[in-house]
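Okay, so here's the structure we're looking at.
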Amino acid sequence: MTDPADGDGDDDGTDPAGGGDGATGPTSGSDDATDRAGSDDASRKRAAADAFDAHASEYVDSAVHRAGDDLATLAAWCADADRALDIATGAGHTGGAIRDRGVPRVVVTDAAPSMVATAEAEFPGLVGTVADAERLPFRDDAFDAVACRIAAHHFPDPAAFVDEVARVLRPGGVFAFEDNVTPEDDALDEFLNRVERLRDPSHVRSHRPSEWREWVTDAGLDVEESRIIKKTIDYRDWVDQLDTPEENRRELETLFGDTPEGARDLYEITHDDDGLASFANLKVLLRATKG
47 MTDPADGDGD DDGTDPAGGG DGATGPTSGS DDATDRAGSD DASRKRAAAD AFDAHASEYV
107 DSAVHRAGDD LATLAAWCAD ADRALDIATG AGHTGGAIRD RGVPRVVVTD AAPSMVATAE
167 AEFPGLVGTV ADAERLPFRD DAFDAVACRI AAHHFPDPAA FVDEVARVLR PGGVFAFEDN
227 VTPEDDALDE FLNRVERLRD PSHVRSHRPS EWREWVTDAG LDVEESRIIK KTIDYRDWVD
287 QLDTPEENRR ELETLFGDTP EGARDLYEIT HDDDGLASFA NLKVLLRATK G
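Each residue of the sequence shown is one higher than the one before, counting from 47 in my numbering.
Given below as structure tokens:
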């Protein structure tokens with residue numbers, strides 16, 4: 047793993063050692079309730095990082111992560127940058143796609159050390175560091191573009207994450223974002239998040255598109271484009287990727303067989319002779335700029 051602090055020596059604000067303004071440091075004066083919430087969030091983050099450390103190699107060949115028009119779109123949105131950041135990079139596909147668009151310096155972060163190491167190995171030229179998406183170790187206005195793809199449903203405090211994105215973006219910079227989302231319907235929202243948690247206990251929540259637009263706007267960014275896409279998931283590959291326990295798989299099969307109204311069509315659930323075969327999930331692609 048390469049530490050950005052060991053780079054070419056340019057004081058470009060992408061060196062974690064340079065963020066001396068305290069913006070990513072611990073807060074003071076928190077009450078007991080805040081402390082408890084912070085402890086819960088830290089536990090969730092450690093659990094997620096441990097889970098992804100154990101499965102980093104599987105994500106290299108993940109069909110959902112390694113390719114697609116959505117990946118090309120996010121990379122294109124970042125193509126004019128001189129310095130770009132990919133948050134929660136996973137196996138590095140998004141950072142690699144941004145690099146391939148000709149961006150000369152691409153920094154990638156992830157909470158899981160094995161993911162950072164995998165990204166650097168798979169996509170030479172990326173500069174990686176282990177970091178919390180909600181407490182980025184970079185100076186203000188350090189990047190021309192910031193990307194985050196199919197990861198934010200693991201973040202306990204999405205508003206804090208977007209605030210950090212806005213902080214490290216330079217004026218005029220681009221935020222290229224994608225994540226799983228739910229419909230604006232309580233029953234379908236609850237169904238999808240229950241499914242996700244059964245497969246992956248580190249899943250925090252898939253949010254609604256309206257929530258993401260609100261967080262982005264509240265952080266001072268201007269939403270330039272936002273659209274919903276569907277990606278078809280091979281069910282068996284999906285559960286095998288994280289070694290989902292058999293008990294949870296049985297419960298998932300039951301859930302997909304007894305869905306709330308509208309779920310079967312919306313999620314395009316299919317079965318074959320061996321049971322549940324595939325489903326589609328919804329993702330938001332959002333492009334915002336910092337004024």
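Where is the CB? At the ideal position from N, CA and C, for every residue including glycine. All values derive from a computational prediction rather than experimental measurement.
Taking C-alpha atoms, which residue in the options lies nearest to residue i?
i, options, result
"G136", "L301, V176, G303 and R129", "V176"
"E297", "I279, H317, R245 and V211", "R245"
"L117", "A222, F207 and Y281", "A222"
"E314", "A125, N327, F169 and A193", "N327"
"T335", "Q287, R213, P159 and A198", "R213"
"V269", "G337, S324 and G141", "G337"
"D132", "A193, P183 and E236", "A193"
"A130", "D187, R254 and D115", "D187"
"W258", "P204, L322 and S248", "P204"
"L238", "E293, R273, L312 and A323", "L312"
"A197", "G219, P183 and N226", "N226"
"K276", "A143, G321 and K329", "K329"
"R240", "A134, T290, L301 and L331", "L301"
"A167", "R243, G138, D304 and A191", "G138"
Using three-state DSSP, classify residue i as helix, strand or coil.
i, result
"E210", "helix"
"T300", "helix"
"T263", "helix"
"A69", "Because A69 carries a pLDDT of 31, less than 50, the predicted location of this residue cannot be relied on, and the following value inherits that uncertainty. Of the three classes helix, strand and coil, the one that applies to A69 here is coil, per DSSP."
"S252", "coil"
"V162", "helix"
"E307", "coil"
"T278", "strand"
"D268", "strand"
"T175", "strand"
"D186", "coil"
Specify, as a first and last residue, the run of the beta strand (DSSP E) that residue i falls within.
i, result
"G321", "G321 to K336"
"P290", "In the sequence under discussion, the amino acid at residue 290 is Thr, which differs from the Pro named in the question. Segment: none, T290 is in no beta strand (DSSP E) and carries neither H nor E."
"P217", "L215 to V227"
"T316", "T316 to D318"
Assuming residue i and residue j form a contact by the criterion Cβ under 8 Å, report the distance between their Cβ atoms to the nearest whole angstrom.
i, j, result
"A157", "D178", "6 Å"
"F207", "E180", "5 Å"
"L172", "A163", "Contact flag wrong, Cβ pair sits at about 11 Å."
"F189", "R216", "7 Å"
"R195", "T140", "4 Å"
"H199", "S160", "Rounded, the Cβ-Cβ distance is 20 Å, inconsistent with contact."
"R147", "A122", "7 Å"
Hey, quick one: how far does the alpha helix (DSSP H) through residue i stretch, first residue to last?
i, result
"A193", "Element bounds for A193: not the alpha helix (DSSP H) but the beta strand (DSSP E), F189 to R195."
"P247", "Where P247 is concerned, there is no enclosing alpha helix (DSSP H), given that its DSSP letter is neither H nor E."
"G142", "H139 to D146"
Which partner residues of residue i appear in the DSSP bridge assignment?
i, result
"R151", "R129"
Got a sec: is the Cβ-Cβ distance from residue i to anything in chain B below 8 Å?
i, result
"T278", "Chain labels in this structure do not include chain B; a single protein chain is all it has."
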